[in-house]
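A short write-up of the structure that comes next.
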Amino acid sequence: MKMRRSLVGVLLVLLAVLLVLAPNEKKLGHALRFVLLHGAVTWVSFVIFIIFGVAALLYLLSGKRVLFDIAAQTQKVGTGFWFVNFLIWVPLGYLEWNVVAWSGEPKAVAAVWVMLFLAVGYIAAQVTANPKILAGLYLLISIGIWWRYSGVGRVLHPLDPVGTSESLLIKGFFIAMLLVCLSLALVLSKPSSHKQS
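Have a look at this one:
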């Protein structure tokens, strides 16, 4: 537990350093650093959504408690990451486009739905401790997220500012932030106990 806290602390400091040192860009200026962080957190969140859906399905098929523990823990981590994502993109959308981020933006509307799905999972985990019910719900939430987010268009959301950039520095900072966020998510996703049933 102590080792995990230390590792989380180191990763958060490293992420903060990357955020401070991130380069500026002609159109986005200083906001680019938050765009890079938003992209990294979004991608890692989707990886976590896959993990908790697959772990929940495998638990339902096998009954192995460790798989449920992974599903439950990653569902919490995914919810936390998506909440942080909200704290980044809502003000970013307002500052960059001068509009409330979810008005008229299909990607933002889909992101709100994802938050609602995750909130249902969080509330359900407070109400019941039945692993089969929760695993079924986590599986449905994972499917619901992918269904709601797939094929969503964009109105205000810019095209991939990292992929379309010619700057290796920008791409390098994005990859570094992505790796740190992924490492953080994986460290936090390790269940505290592995009770077999």
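With this note's numbering as the guide, the letters of the sequence shown map in order to residues 134 to 330. Glycine included, each C-beta is placed from N, C-alpha and C at the ideal position.
So Met248 packs on Trp280, CB below 8 Å; how close in whole Å?
Residue mapping note: residue 248 aligns to position 115 of the sequence shown, counting from 1. Residue mapping note: residue 280 aligns to position 147 of the sequence shown, counting from 1. The Cβ separation is near 15 Å, so there is no contact.
Should the stretch 138-154 be called in touch with the stretch 174-181, which here means at least 3 C-beta pairs below 8 Å?
Touching, no.
Gly186: which of Ala262, Ser300, Val223 and Ala268 sits nearest, CA to CA?
Translated into positions along the sequence shown, residue 186 becomes position 53. If we check each option's Cα against that of Gly186, Ala268 comes out closest.
Whose CA, out of Leu312, Pro264, Leu321 and Ser283, lies closest to the CA of Leu194?
Position 61 of the sequence shown, counting from 1, holds the residue named residue 194. Looking at the Cα atoms, Pro264 is the closest of the given residues.
Taking C-beta to C-beta, are Leu165 and Thr212 nearer than 7 Å?
As a position in the sequence shown, residue 165 is number 32, starting the count at 1. As a position in the sequence shown, residue 212 is number 79, starting the count at 1. In this structure, Thr212 does not lie closer than 7 Å to Leu165 by Cβ.
Using DSSP bridges, identify the partner residues of Glu299.
Numbered from 1 along the sequence shown, position 166 holds the residue referred to as residue 299. For Glu299, which the question treats as bridged, DSSP gives no partner whatsoever.
How big is the Cα-Cα spacing for Met310 and Val320?
Position 177 of the sequence shown, counted from the first residue, corresponds to residue 310. Position 187 of the sequence shown, counted from the first residue, corresponds to residue 320. In a straight line, the C-alpha of Met310 is about 15 Å away from that of Val320.
Ser322 versus Leu200: straight-line alpha-carbon distance, rounded:
Within the sequence shown, the letter at position 189 stands for residue 322. Within the sequence shown, the letter at position 67 stands for residue 200. If you take the alpha carbons of Ser322 and Leu200, they lie about 12 Å apart.
Am I right that Leu190 and Val313 are in contact with their C-beta atoms under 8 Å? What's the rounded C-beta distance?
The residue labelled residue 190 in the question sits at position 57 within the sequence shown. The residue labelled residue 313 in the question sits at position 180 within the sequence shown. At roughly 29 Å, the Cβ-Cβ gap does not stay under 8 Å, so Leu190 and Val313 are not in contact.
Assign Gly172 to buried or exposed, taking buried as 16 or more other Cβ atoms, counted over all protein chains shown, within 10 Å of its Cβ.
Residue mapping note: residue 172 aligns to position 39 of the sequence shown, counting from 1. Gly172 is buried by the Cβ-count criterion.
Skipping 5 residues on each side, what residues in its chain have a beta carbon closer than 6 Å to that of Leu148?
Translated into the one-based positions of the sequence shown, residue 148 becomes position 15. Only Val313 meet the Cβ criterion.
Sequence-distant residues of the same chain with beta carbon closer than 8 Å to Thr261, five excluded per side:
Here residue 261 refers to the residue found at position 128 when the sequence shown is read from its first residue. Within the same chain, Thr261 has close Cβ partners Leu267.
Could you tell me which of Val210, Val168 and Leu169 sits nearest to Ser316, measuring between CA atoms?
Here residue 316 refers to the residue found at position 183 when the sequence shown is read from its first residue. Ranking Val210, Val168 and Leu169 by Cα distance to Ser316 puts Val210 first.
From Leu301 to Phe307, what distance separates their C-alpha atoms?
For the purposes of this step, residue 301 is taken as residue 168 along the sequence shown, with counting starting at 1. For the purposes of this step, residue 307 is taken as residue 174 along the sequence shown, with counting starting at 1. So the alpha carbons of these two residues sit roughly 10 Å apart.
Please go through the same chain and pick out, in chain order, the residues whose beta-carbon is closer than 7 Å to the beta-carbon of Leu170, but skip the five residues on each side of it.
Within the sequence shown, residue 170 is the residue found at index 37, counting from 1. Leu152, Ile221 and Met310.
6 Å CB neighbourhood of Gln206 in its chain, flanking five on each side removed
As a working mapping, residue 206 is identified with position 73 in the sequence shown. Excluding the 5 residues flanking it on each side, Gln206 has same chain C-beta neighbours closer than 6 Å at Ser322 and Pro324, in chain order.
For Ala243 and Tyr282, believed in contact at Cβ under 8 Å, the rounded distance:
Translated into the one-based positions of the sequence shown, residue 282 becomes position 149. Translated into the one-based positions of the sequence shown, residue 243 becomes position 110. Indeed, because the Cβ distance is near 5 Å, the residues count as touching under 8 Å.
Which residues mark the beginning and the end of the alpha helix (DSSP H) in which His163 is found?
Counting from one through the sequence shown, the residue named residue 163 turns up at place 30. No alpha helix (DSSP H) contains His163, which DSSP labels as neither H nor E.
Can you tell me where the alpha helix (DSSP H) holding Val150 begins and where it ends?
In the sequence shown, the residue the question calls residue 150 occupies position 17. Looking at the DSSP string, the run of the alpha helix (DSSP H) that includes Val150 is Lys135 to Leu154.
Buried versus exposed, by CB contacts within 10 Å (16 or more), Ile278:
Mapped onto the sequence shown, residue 278 falls at position 145. It is buried - the Cβ of Ile278 has at least 16 other Cβ atoms within 10 Å.
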